[in-house]
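Right, one structure below, let's go through it.
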Amino acid sequence: MTYLIVAYAFAVAVLAGFLGWSLRRLRELEGPTSSEPSALSSREPS
Amino acid sequence: MSRHERWAAGAVALMLVAGAAIFLYAPTDYLQGPVQRIFYLHVSSAIAAYGCFTVVLIGGLVYLRRESLVADRFARAGAVVGVVFTTVTLVMGMLWAKPIWGTYWTWDARLTSTLVLWMIYAGYLLVRRLADPGRQAARIAAVVGIFGFVDVPVVHFSVTWWRTQHPGPVVVNDALPPEMLATFLLTMACTLALAAVLIAIRYRIETLSDERMHMAEEVKVMTAPEPRMAP
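First to last, the sequence lines map onto chains A and D. Residue 80 in this note's numbering sits at position 30 of the first sequence, and the numbers go up by one each step. Residue 250 in this note's numbering sits at position 18 of the second sequence, and the numbers go up by one each step.
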């Protein structure tokens, strides 16, 4: 019984952890990028 | 809630349904007892990993033929998700082996070829991480991904090609009672859905990372000092 619980606890931790980490990374990447547009706009030809 | 978060919530709900079937519906095995319930997610994870590595294979082939960035991103996404599912397969298998075989690990054909599969695609991810991003890294990774796939049929058929401690196929041989078969098929469908959602999320991450990298390169080029003309 212990091996069954440890096996499923491991699987849940790895799969849920990977899903949660991927969603957090996606949210970071989809968030607004404040520095890049300003860097681009500073190089606009006058 | 974004589209990807809704898909993730759906996949989690499906896995909870599979968990309920595994622990509440499937009968306890007469010989092995409760530990046999490891079977459902152990085998489903292995099949999900095969699916992910098939995505790497197709992505690699398409990339080498057309240099398609979409194919390369799918290959990257498939590799990382496949390594995660192979890790789950290996560790769950070891935890099942200990009470049944008396050891966590034995160097039989199925276990060894699965470990080799994990190492091939971990190597693929290492190539992607260490090499400078670009055509060269993508081409090398595509070749690794294509040749690495040779190990997938070796893993799958190892139990029939060689004498192994690992049991042979039980699903295709009608060795499962109907309740166990139904639970297995449900778990496999839910695990494949989770793998598909994970690949979709990772594909989006790869796309956004590429866009960020290109944007950063453009900024670097635009902000670089202009070369001075010689007098």
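The beta carbon of each residue, even a glycine, is placed where N, CA and C say it ideally should be. All of these numbers come straight from a predicted model, not from anything done at the bench.
If I follow the unbroken alpha helix (DSSP H) through residue i, where does it start and stop?
i: residue 353 (chain D); result: 341-362
i: residue 412 (chain D); result: 410-455
i: residue 370 (chain D); result: 367-380
i: residue 239 (chain D); result: 235-252
i: residue 255 (chain D); result: Where residue 255 (chain D) is concerned, there is no enclosing alpha helix (DSSP H), given that its DSSP letter is neither H nor E.
i: residue 77 (chain A); result: 52-80
Starting from residue i, find everything on chain D with Cβ-Cβ shorter than 8 Å and list it in chain order.
i: residue 75 (chain A); result: 437
Starting from residue i, find everything on chain A with Cβ-Cβ shorter than 7 Å and list it in chain order.
i: residue 266 (chain D); result: 51 and 54
i: residue 320 (chain D); result: 61, 64 and 65
What does residue i reach in chain A if we use C-beta pairs closer than 9 Å?
i: residue 237 (chain D); result: 73, 76 and 77
i: residue 324 (chain D); result: 57, 58, 60 and 61
i: residue 276 (chain D); result: What residue 276 (chain D) touches in chain A: nothing, since even the nearest Cβ is about 10 Å away.
When we look at the beta-carbon of residue i and count the other beta-carbons within 10 Å, is it buried (16 or more) or exposed?
i: residue 415 (chain D); result: buried
i: residue 324 (chain D); result: buried
i: residue 198 (chain D); result: Lying outside 233 to 463, the shown extent of chain D, residue 198 (chain D) is not represented and no answer is given.
i: residue 316 (chain D); result: buried
i: residue 63 (chain A); result: exposed
i: residue 446 (chain D); result: exposed
i: residue 420 (chain D); result: buried
i: residue 55 (chain A); result: exposed
i: residue 234 (chain D); result: exposed
Comparing the C-beta of residue i with each C-beta of chain A, is any distance below 8 Å?
i: residue 333 (chain D); result: no
i: residue 341 (chain D); result: no
i: residue 433 (chain D); result: yes
i: residue 345 (chain D); result: no
i: residue 288 (chain D); result: no
i: residue 250 (chain D); result: no
i: residue 316 (chain D); result: yes
i: residue 300 (chain D); result: no
Chain A partners of residue i, CB-CB under 8 Å?
i: residue 328 (chain D); result: 53 and 57
i: residue 240 (chain D); result: 69 and 73
i: residue 270 (chain D); result: 53, 54, 57 and 58
The ligand SAM and residue i: does any heavy atom of the ligand fall closer than 7 Å to the residue's C-beta?
i: residue 366 (chain D); result: The ligand SAM is not part of this structure, which contains no ligands at all.
Q: With a floor of 4 residues, list each alpha helix (DSSP H) that falls wholly inside the region 264-329 of chain D, ordered by position along the chain.
A: The DSSP assignment places complete alpha helix (DSSP H) segments of no fewer than 4 residues inside the region 264-329 of chain D at 270-298, in order along the chain.
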